[in-house]
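What follows is a short report on a single structure.
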Amino acid sequence: MSWLCNIFGYLLNFIYTLVKNYGLALIIFSIITKIIMLPLSIKQQKTLKKSAKIQKELKDIQDKYSKDQERLTQETMNLYKRENMNPLSGCLSSIVQIVLLFAMFFLVREPLTYMLKLSPDQISKYENMISAKSAYSQIEVIKEARTNNEIDIDLNMDFCGIDMCNVLMQNWQNWTVYIIPALYIISSIISTKMNSNVGKSKKQNDIKNNEKENEDPMAQMNKNMTIMMPIMSVSIAIVVPQGLALYWLMNNILMIVEKLILNKVLKDEEEE
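In structure tokens form, the structure reads like this:
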């Protein structure tokens, strides 16, 4: 994971040297990573739509071979093969997002290591100087550098009045720490709602709520990942610096925009 953190650190530091603001650099960084992942997102969106289209045929297979699990599995895989679908391909994007999430966590947690590329000895010297003992000791060093001339670190962590160094759990009385997590929750609700509607036809949307539909494993896995990602991110956002929460928020907003565009483009392709 450290190799990925180092690559991200070089990119984030390069952006920071251009804009001179940590929060703005994170936003631009989010846009760049989203563009890089666009081909994977397009593939995932196509898979989700195709998965929704074969639900009726899949349900017929499940009903016909409900008492023969071996035949059910075989016929299901044959269906995927005919439709040129990989049962796991739709989850690849979500898995990559989880990897990026952890890489960003370490990057934001240790910006002196991965972004500014300070030596371990230099970092230890600064941490010992201020007796930093928390999980975010490097963040403490950056905050202390604002008033301590002995610490030669200059990172502009103020973004629209929000201190990117703050941690919600450690700053309950500061109302600004609630802004980004609150916006993230709102964007997550919108994103989850959009995911639940991907590939559904008007006929599917009119099915009564008390009728339980069978979902293929790929669709169910995608659904679970879609629900778990926001829950996990919001839970972690309470105990991590605001910088990481801002990255997640931007990722969600970009994801919503991306889905709106891809849904329109893919719909036009289907009509043609």
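Residue numbers (my numbering): 1375 to 1646. Ideal Cβ positions, reconstructed from N, Cα and C, are used throughout, including at glycine. These numbers were taken from a predicted model, which means no experiment stands behind them.
In whole angstroms, what separates the C-alpha of residue i from that of residue j?
i: residue 1566; j: residue 1422; result: 14 Å
i: residue 1625; j: residue 1441; result: 44 Å
i: residue 1559; j: residue 1445; result: 43 Å
i: residue 1329; j: residue 1443; result: The structure shown has nothing for residue 1329, since the chain only spans 1375 to 1646.
i: residue 1384; j: residue 1488; result: 7 Å
i: residue 1628; j: residue 1411; result: 12 Å
i: residue 1466; j: residue 1564; result: 21 Å
i: residue 1396; j: residue 1547; result: 23 Å
i: residue 1609; j: residue 1469; result: 18 Å
i: residue 1641; j: residue 1399; result: 34 Å
i: residue 1434; j: residue 1530; result: 59 Å
i: residue 1619; j: residue 1555; result: 7 Å
i: residue 1519; j: residue 1459; result: 54 Å
i: residue 1420; j: residue 1557; result: 28 Å
i: residue 1494; j: residue 1508; result: 17 Å
i: residue 1448; j: residue 1386; result: 48 Å
i: residue 1414; j: residue 1474; result: 14 Å
i: residue 1451; j: residue 1417; result: 19 Å
i: residue 1388; j: residue 1504; result: 28 Å
From which residue to which residue does the alpha helix (DSSP H) around residue i run?
i: residue 1521; result: No alpha helix (DSSP H) contains residue 1521, which DSSP labels as neither H nor E.
i: residue 1435; result: 1429-1438
i: residue 1450; result: 1443-1456
i: residue 1381; result: 1376-1393
i: residue 1548; result: Segment: none, residue 1548 is in no alpha helix (DSSP H) and carries neither H nor E.
i: residue 1472; result: 1466-1483
i: residue 1509; result: Where residue 1509 is concerned, there is no enclosing alpha helix (DSSP H), given that its DSSP letter is neither H nor E.
i: residue 1400; result: 1396-1410
i: residue 1491; result: Element bounds for residue 1491: n/a, residue is neither H nor E.
Just list the residues that DSSP pairs residue i with in beta bridges.
i: residue 1533; result: 1536
i: residue 1615; result: 1541
Between the segment 1533-1549 and the segment 1607-1618, are three or more C-beta pairs nearer than 8 Å? Cβ pair count under 8 Å is three or more, so yes.
Three CB pairs or more closer than 8 Å across the segment 1474-1484 and the segment 1500-1518: Cβ pair count under 8 Å is three or more, so yes.
Counting Cβ pairs, one atom from each stretch, are 3 or more of them under 8 Å apart for the segment 1626-1635 and the segment 1496-1504? Result no; under three Cβ-Cβ pairs closer than 8 Å.
For the segment 1514-1534 against the segment 1406-1425, do three or more pairs of beta-carbon atoms, one drawn from each stretch, fall closer than 8 Å, so that the two count as touching? Contact between the segment 1514-1534 and the segment 1406-1425 is absent, because fewer than three Cβ pairs lie under 8 Å.
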